[in-house]
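In our numbering, the protein residues as written are 34 to 489. Structure first, commentary second.
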Ligand code: ADP
Ligand code: ASP
Ligand code: MG
């Protein structure tokens, strides 16, 4: 379809000044129908989580925090001249008139919800999703009214009418086929728009409750829409000039990556590059839709293009890292060498919902090392100590060893496939910096070399 999908993240929606830039971007590129996916204003999702936690613990300080959120949204509306104050009340257009009322309605609902959490002293995952959805549901009316005030022809859609999920609150799984159909029908049912605007991050389960797609999930919403309508491209407008060779908060010299493959982007994002929420790439890859990552504030810059076949090949495209990793080591040839042992280990971990992020096994089959995030460590220990108790008691397996305080650094690049020397160079560099390598993993795709080191 002749459409582009544009996603604006929290940093692009943080204040009235940023919203002015967003409108300028859209006005400068008129003549192309666009779907705009909005996140919450910068920091609002975190604020809502904090408010919910405090309210459910009986801490009254959640009230001034809600008042501050209210003030922040209304101030932006006032600053942009789209709030319904006394001067405007007599002559506003229909759309601008509706904005403060709608915002006020959302804020009233939010207050009522938090009062409820305060009274019952409880915050379930389901209520948390309901609560955090207000970030996006307050941002969209604001952005939409602002774009209308700029003369753009805007259509609004509640993302929950399109994004169907299961009931895993906090990180719900999207039902791709029904979602795809609803989006296609929804978009084509009314093409009288320049901008179709909707919320990122939120969805709805079959029981009709609001769900969320995981932190950073607005990227994923945009990619689901782009893929469903076979858009020309999905563009992520953010606060960095593109995908960089490393996290710019860690590496000052990080450089922009002009182009990369879907597979390289997936590897980088899976291993910590927060710039794109990792499930985002798959729907785009399935439909061959290019992803462009660029800064909202430098709209001329080319940014990063993620495509099927990049024109340039790079041995190493970039690095990413994940902190808060623990290694679990199982040792003892009598158990580990037996057929079916690994399958037992992974079934035990799956039962406890533990996600294994890295696996290495020595070729002597004497030890098996698993990397898990610290958040999963307790469950992993419980699962393995219970499930392998007999092996440990019979000394077929040594007591399980745990190492914490670790990070994974991933070296990613499609050009490493069948090229020798990259790991050699990496280990040389680490040795020069006196960094001890605790574990290494390389998948057979050879696109990613993962190295476990002490976090410090
Ligand atoms: P948005 O709100 O637009 O989704 P995010 O804050 O989620 O933006 O993601 C952008 C941020 O990701 C950047 O500000 C940057 O600090 C961080 N980041 C981490 N790794 C990278 C990387 N390799 N390239 C670019 N940005 C990165
Ligand atoms: N507002 C949500 C979050 O902060 C979703 C997003 O920004 O993509 O996680
Ligand atoms: Mg994000």
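Just so you know, even glycine gets a beta-carbon here, dropped at the ideal spot from N, CA and C.
Item, Value
"Residue 472 classed as buried or exposed, judged by whether at least 16 other C-beta atoms fall within 10 angstroms", "buried"
"Given 8 Å, three or more beta-carbon pairs between the segment 187 to 207 and the segment 224 to 232", "yes"
"Same chain only: Cβ atoms within 8 Å of residue 291, ignoring 5 sequence neighbours per side", "275, 335, 337, 338 and 345"
"Straight-line Cα distance separating residue 391 from residue 488", "16 Å"
"heavy atom of the ligand ASP below 7 Å from residue 169 C-beta", "yes"
"Residue 225 to residue 82 span [Cα, whole Å]", "37 Å"
"Lining residues of the ligand MG - beta-carbon closer than 5 Å to any non-hydrogen atom, in sequence order", "42 and 249"
"When 74, 414, 209 and 315 are compared against residue 382, the one with the closest alpha-carbon", "414"
"Local Cβ density within 10 Å of residue 422, reported as buried at 16 or more and exposed below that", "exposed"
"Helix, strand or coil at residue 40 [DSSP, three-state]", "strand"
"Extent of the continuous alpha helix (DSSP H) to which residue 162 belongs", "158 to 182"
"DSSP state of residue 465 mapped onto helix, strand, coil", "helix"
"Simplified DSSP state of residue 105, which is helix, strand or coil", "helix"
"Distance CB(residue 445)-CB(residue 318) smaller than 8 Å", "no"
"Near the ligand ADP: residue 351 beta-carbon under 7 Å from a heavy atom", "yes"
"Burial state of residue 300 (16 or more Cβ within 10 Å)", "buried"
"Bridge partners - residue 475, DSSP secondary structure assignment", "482"
"Simplified DSSP assignment, three categories, for residue 121", "The predicted position of residue 121 is uncertain, since its pLDDT is 46 and thus under 50; no value can be drawn from it."
"Euclidean distance between Cα positions of residue 289 and residue 278", "6 Å"
"Nonlocal neighbours in the same chain, by C-beta distance under 8 Å from residue 219, ignoring five residues either side", "190, 194 and 195"
"Spatially closest choice to residue 91 from 155, 240 and 401, by CA coordinates", "155"
"Residue 416 to residue 341 span [Cα, whole Å]", "40 Å"
"Option in 442, 407, 384 and 448 with minimal Cα separation from residue 419", "384"
"From 249, 272, 307 and 312, residue whose alpha carbon lies closest to that of residue 260", "312"
"Alpha-carbon spacing of residue 237 relative to residue 203, whole angstroms", "12 Å"
"Under 8 Å between C-beta atoms of residue 245 and residue 45", "no"
"Three CB pairs or more closer than 8 Å across the segment 358 to 371 and the segment 390 to 409", "yes"
"Contact check, residue 262 vs residue 217, beta carbons under 8 Å", "yes"
"With 16 other Cβ atoms within 10 Å as the buried cut-off, status of residue 123", "Caution applies to residue 123, whose pLDDT of 48 falls short of 50 and renders its modelled position unreliable; the model cannot decide the point."
"C-alpha distance - residue 130 paired with residue 181, whole-angstrom precision", "Note that residue 130 scores 48 on pLDDT, short of 50, meaning its location in the model is unreliable and no value can be drawn from it."
"Residue 130 in three-state terms, based on DSSP", "Interpretation of residue 130 is limited by its pLDDT of 48, a score under 50 that renders its predicted location unreliable; the figure taken from the coordinates is listed afterwards. Three-state DSSP puts residue 130 in a helix."
"8 Å Cβ cutoff met for residue 41 and residue 68", "no"
"Cβ-based burial, residue 409 [other Cβ within 10 Å; buried from 16]", "buried"
"Heavy atom of the ligand ADP within 7 Å of residue 102 beta-carbon", "no"
"Proximity test, residue 400 beta-carbon vs the ligand ADP heavy atom, cut-off 7 Å", "no"
"Other residues of its chain near residue 34: CB distance less than 7 Å, five sequence neighbours each side excluded", "262, 263 and 264"
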